[in-house]
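K.L.:
Residue numbering for the sequence shown follows this note's numbering, starting at 121 and increasing by one per position. From the three backbone atoms N, C-alpha and C, an ideal C-beta is built for every residue, glycine too. Just so you know, these numbers come straight off a predicted model, no measurement behind them. Please see the structure below; I have some questions.
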Amino acid sequence: MGAAAGELSGPDLRQGVKLEALPESEPFVGHADGEVVILVRKGSEVTSVGGGCSHYGGPLGEGLVVGETIRCPWHHACFSLRTGEATGAPALNPIPTWDVEVVGGRARVTGRRELDPLDPGGRRPTRAPGVVAIVGAGAAGSAATEQLRREGYDGRILLIDPDAAAPYDRPNLSKDYLAGTAAEEWIPLRPAGFYEEHGVERIMTAVDSIDPRGRTLRLRDGSAVSYEALLLATGASPVRLRVPGA
Numbered sequence: 121m122g123a124a125a126g127e128l129s130g131p132d133l134r135q136g137v138k139l140e141a142l143p144e145s146e147p148f149v150g151h152a153d154g155e156v157v158i159l160v161r162k163g164s165e166v167t168s169v170g171g172g173c174s175h176y177g178g179p180l181g182e183g184l185v186v187g188e189t190i191r192c193p194w195h196h197a198c199f200s201l202r203t204g205e206a207t208g209a210p211a212l213n214p215i216p217t218w219d220v221e222v223v224g225g226r227a228r229v230t231g232r233r234e235l236d237p238l239d240p241g242g243r244r245p246t247r248a249p250g251v252v253a254i255v256g257a258g259a260a261g262s263a264a265t266e267q268l269r270r271e272g273y274d275g276r277i278l279l280i281d282p283d284a285a286a287p288y289d290r291p292n293l294s295k296d297y298l299a300g301t302a303a304e305e306w307i308p309l310r311p312a313g314f315y316e317e318h319g320v321e322r323i324m325t326a327v328d329s330i331d332p333r334g335r336t337l338r339l340r341d342g343s344a345v346s347y348e349a350l351l352l353a354t355g356a357s358p359v360r361l362r363v364p365g366a
């Protein structure tokens with residue numbers, strides 16, 4: 121079992137641990153430099169990531185290793201064991217990874233690495249549309265926006281939503297914030313200026329109609345925008361319980 125994300129347990133992985141102590145394809149929890157660190161062995165290869173999910177801090181030491189990824193036990197966010205990249209919702213940010221050396225039958229972490237959440241790492245698409253329009257600035261729309269930049273897309277991105285405050289953490293807003301246990305600064309998914317910094321154009325109005333043949337969106341404010349690729353990420357309306365007292 122893994123420790124809670126901020127609770128240290130297990131051996132000091134700076135000192136190393138015998139390979140035979142590491143179960144195949146299962147998280148092994150230890151610590152280094154005051155942080156929870158996880159080792160995962162596949163054969164003679166060992167990878168290492170931080171112990172806390174970047175979504176709500178779930179203990180990845182209690183998570184599930186699937187191929188080259190590890191999944192959080194709380195909300196099933198998925199991360200690459202090699203890069204720390206968030207490869208599956210609901211996490212948006214990567215987790216740290218650690219360099220590991222295997223010498224004399226022992227695995228030892230040697231240094232911590234960070235990953236810029238939008239760093240393309242030299243990737244550039246060979247073919248890409250000139251303008252991508254994303255309708256809906258919730259978690260799905262904002263995650264798609266970030267993934268485009270992470271994959272090296274450097275064209276225009278239009279993020280269209282009438283809610284000027286989006287994107288924000290809806291589960292937190294509807295639960296802990298209303299209960300008074302979540303601070304207001306926890307609610308936005310990204311800080312002010314984040315999208316401007318990464319060249320994303322926010323259009324704060326609704327879309328009234330789509331002309332797919334002409335690749336044009338008609339907006340509520342009377343204007344129109346053209347696109348080459350369109351993503352509809354408007355979510356869904358909640359299903360209301362139709363019984364007395366609901």
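1) Please name the residue or residues paired with L279 in a DSSP beta bridge.
2) Within 10 Å of its beta-carbon, does A285 have 16 or more other beta-carbons around it, so buried, or fewer, so exposed?
3) Starting from the C-beta of M121, find all residues in its chain whose C-beta is less than 7 Å away, skip the five residues before and the five after it, and write them out in chain order.
4) Can you round the beta-carbon distance between R134 and R228 to whole angstroms, since I take them to be within the 8 Å contact cut?
5) Please classify W306: is it buried, with 16 or more other beta-carbons within 10 angstroms of its beta-carbon, or exposed?
6) With a cut-off of 8 Å on the beta carbons, I'd call V157 and W218 a contact; round off their distance for me.
7) Looking only at its own chain, which residues have a Cβ that is under 7 Å from the Cβ of T354, when we skip the five neighbours before and after it?
8) Taking F314 as the reference, which of S262, A326, P282 and L361 has the closest Cα?
9) What residue does the beta strand (DSSP E) around S145 start on, and which one ends it?
10) Please work out which residues of its chain come closer than 6 Å, Cβ to Cβ, to C198, disregarding the five sequence neighbours upstream and downstream, and give them in chain order.
11) Just the C-alpha distance for A123 and E144, rounded to the nearest angstrom, thanks.
12) Within 7 Å: the Cβ of N213 and any heavy atom of the ligand MN?
13) Using 8 Å for Cβ pairs, my map puts V169 next to I215. What's the rounded Cβ distance?
14) Please classify S294 as buried or exposed, where buried requires at least 16 neighbouring CB atoms within 10 angstroms.
15) Below 8 Å on the Cβ atoms is my guess for L337 versus A253; work out the distance and round it to an integer in Å.
16) First and last residue of the beta strand (DSSP E) that includes R270?
17) Taking 6 Å as the limit between beta carbons, can you name the residues of its chain near E321, skipping five residues before and five after?
P.N.:
Taking the coordinates as given:
1) I254 and R322
2) exposed
3) Because M121 sits at a pLDDT of 39, beneath the cut-off of 50, its placement in the model cannot be relied upon, and the following sentence gives the value as read from the coordinates. The answer, listed in chain order, is E182.
4) 7 Å
5) exposed
6) 6 Å
7) V255 and G256
8) S262
9) Unbroken run through S145: none, as it is neither H nor E.
10) T189, R191, T207 and G208
11) In this prediction, A123 scores a pLDDT of 46, lower than 50, which makes its location untrustworthy; no coordinate-derived value is stated.
12) The model depicted lacks the ligand MN and carries no ligand whatsoever.
13) 5 Å
14) exposed
15) 6 Å
16) First-last for R270: A259 to R270, but that is the alpha helix (DSSP H), not the beta strand (DSSP E).
17) L278
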